[in-house]
Amino acid sequence: MKFPTRHPNLNSLWSALVLEELWRLGVEHICIAPGSRSAPLTLAAAVHPRLRQHVHFDERGLAFFALGLAKSSGRPVAVITTSGTAVPNLYPAIVEARQSGVPLVIITADRPPELIDCGANQAIEQQDIFSGYPGATIRLPTPSLDIPANWLLTSIDQAYARSCRQGLPLHINCMFREPLYPGKTDEDYSLYLAETTRWIESGSPHTEYELHGDGSLNASPVSWAEFMSGKGLVVVGRLRASDDVNAVLALAQRLGWPVLADIQSQLHGHPAVIPHSDLLLASRSGRALMCQADRVFQVGGHLISKRLDRFLGSHRWQHYYMLGREVRRMDTGHCQTYRMVGNIGRICHQLAQLYAASDAPLLPGWLDAFQAQGQRVSNVVRQRQSEVLSESWIGTHLSTLLPEETSLFIGNSLPIRLIDMFSAHRSYGVYTNRGASGIDGLMATAAGCSVATLKPLVLLLGDISFLHDLNSLQLVRNLESPMLIILLNNDGGGIFNLLPLAKGDSAISNRAMDYFTTPHGLDASHAAAMFGIEYECPESIAAFRQAVEQSLQRPGCTLLEVKTEPGEAARDISQIIAQVEEL
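Residue numbering for the sequence shown follows this note's numbering, beginning at 553 and increasing consecutively.
Structure (structure tokens):
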């Protein structure tokens, strides 16, 4: 289908050119928040034959929904908003996208220059409003026949290559003068578009950028045989569900090194992975064992465990190699000696072949010692679990209740720490918002993941996160695939009970906690009723198991609220750590 040459007005034509070029570059989903100044963009999106449109009234939730779509589809997703305060409502999701390496295309409508800084309604300064978080920003002028259409197309292509192709957000700010809406007849822009004939007929982007760097190995600071010959650790941080995680395991098996896998790694709980790596470091013998390592091979960043992250940053390493998809620094301890950027599966396969060719011997007993210590820690966790429904029980057992095709989105603060620390069962298709690790927009992001995957999805989050994102229940109410929201309601701010401040007995400590925990006395039943969502509040493990099983067999969203005592999870964690320390 050729790009049409007849359009209602020049605003409509420029909007259609922008969206058509983005589609040709790979955008398939477009998320729209209603607004008047953005009408040319919205109407162009509405009639585009190949874009899939999503509409939501809350710009903040809409941007996180787009983030979820982009996370799970692996493709850039576009967002359209109007001018004014609608624009900064997108900021939290853009920050998360930048920190997580997720490509979003933010298209904001704006007033023309003569209506900026003069008291005009709904007019704010939108140029560079997102600071350095987008990989590229396009500041489009008001549409004009004096500006060639080819300039518009090549500007989008170049900015897209600098941002979305690098896993970064792109901001396109569009200044529109009235008229914003179509008239009674369309105008013929054939003469204006004459220089774009090749583009109109090709169906391809105007300028296609070929970016190299797919992950071929270069020379390392030392020979690979030398690097692979010592007592090493394989640490796996956040990986995408589409990454070749089996290649990471195959390399570790060749090396004979233990694998410590973060919950975001898609490998957490795998039989070949050492369980409970966080608690392993909490034990005396586990720490002593870890301290024998003199080299580390890390794949992916954003580790959940503070204990593991601090150990990696403070231990003296002879060699510290890091492999990831992103060029930006993922080194909180500033101790990495070699960075590899590229295709994770391909590089791991190449390294495994190099090791096989080197005939380097496996270190006897190195991996066995870690497996034995991991089993001892697992025994403690299993023995400490009571048969009472609690946050720590859910953190330990939730993954065992989920069918393999079910994705798991884990909320920040307490939920993700509980699963990373206690779970020893593999979770498939794990999603998180651990770029900036905020508690906002979690339901919206999970809804986007659900729409893109079309598979059952479970979201585990806390009560403050739930309250932050109530508007996003509108996004989940009409989902076609099963989505289960497990709400841990400990009456506000359970994560703060892990702070050193919470362990003090002084009057100052007790008073200070009033400014961290936020008791609210609310439950979610009325919110579920308001949005027409199935609701249950199980009080036993048996009821919880049954509710999980049934909810994942029916389409749409179910909300399970688990009410627990404030500070209960913190006490469970402290007790288990105290027992593990003696190992």
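The beta carbon of each residue, even a glycine, is placed where N, CA and C say it ideally should be.
- Shown here for F863: same chain residues with a beta carbon closer than 7 Å to its own, the five before and five after excluded, namely L833, M842 in chain order.
- Here the C-alpha atom of Q1127 lies approximately 24 Å from the C-alpha atom of P1071.
- Looking at the backbone, the Cα of S938 and that of I1093 are separated by about 10 Å.
- A direct Cα-Cα distance of roughly 11 Å separates S1077 from T1110.
- For M553, the secondary structure class from DSSP, reduced to helix, strand or coil, is coil.
- Taking the C-beta atoms as reference points, I724 is found nearer than 8 Å to L692.
- Three or more Cβ pairs closer than 8 Å define a contact, and the region 639–649 falls short of that threshold against the region 974–982.
- The alpha carbon of L906 has as its nearest neighbour, out of D740, R604, L807, L801, the alpha carbon of L807.
- Here DSSP, grouped into helix, strand and coil, assigns M874 to strand.
- If you ignore the 5 residues before and after L1112, its C-beta comes within less than 6 Å of the C-beta of I1038, E1088, A1099, all in its own chain and listed in chain order.
- Annotation: the region 857–918 contains the following complete segments of the alpha helix (DSSP H) (minimum length 4 residues), in chain order: 858–866, 896–910.
- Taken in chain order, the unbroken stretches of alpha helix (DSSP H) that lie wholly in the region 1055–1121 and span 4 residues or more are 1059–1064, 1077–1083, 1093–1103.
- Fewer than three beta-carbon pairs drawn from the region 1010–1020 and the region 601–616 are found closer than 8 Å, and the two stretches are therefore not classed as touching.
- Beta-bridge pairing by DSSP links T958 to no other residue.
- Within the region 1009–1040, the runs of beta strand (DSSP E) that reach at least 3 residues and sit entirely inside it are, in chain order, 1009–1014.
- If you look at L656, you'll find it isn't in any alpha helix (DSSP H); it sits in the beta strand (DSSP E) that goes 656–662.
- M973 sits in a helix when the DSSP states are folded into three classes.
- Beta bridge pairing from DSSP links L785 with V848.
- Between I946 and V1114, the C-beta spacing is below 8 Å.
- Rounded to whole angstroms, the gap between the alpha carbons of A585 and S652 is 23 Å.
- Assignment of beta-bridge partners to V940 by DSSP yields no partner.
- Per the C-alpha coordinates, the member of S624, A568, G636 positioned closest to G587 is G636.
- Ranked by Cα distance from M874, the first of S567, T594, V848, Q844 is V848.
- Looking only at L1019, W869, L574, I1125, the smallest Cα-Cα distance to K783 is reached by W869.
- DSSP, read as helix, strand or coil, puts Q605 in strand.
- Fewer than three Cβ pairs drawn from the region 732–748 and the region 669–686 lie within less than 8 Å of each other, which leaves the two stretches out of contact.
- Taking all protein chains in view, the Cβ of F609 is surrounded by fewer than 16 other Cβ atoms within 10 Å, so the residue is classified as exposed.
- CA-to-CA, the gap between Y741 and I708 works out to about 20 Å.
- For A711, the enclosing alpha helix (DSSP H) begins and ends at 701–714.
- In the DSSP assignment, H723 is bridged to I658, T689.
- Counted as a single uninterrupted DSSP element, the beta strand (DSSP E) harbouring I582 occupies residues 581–584.
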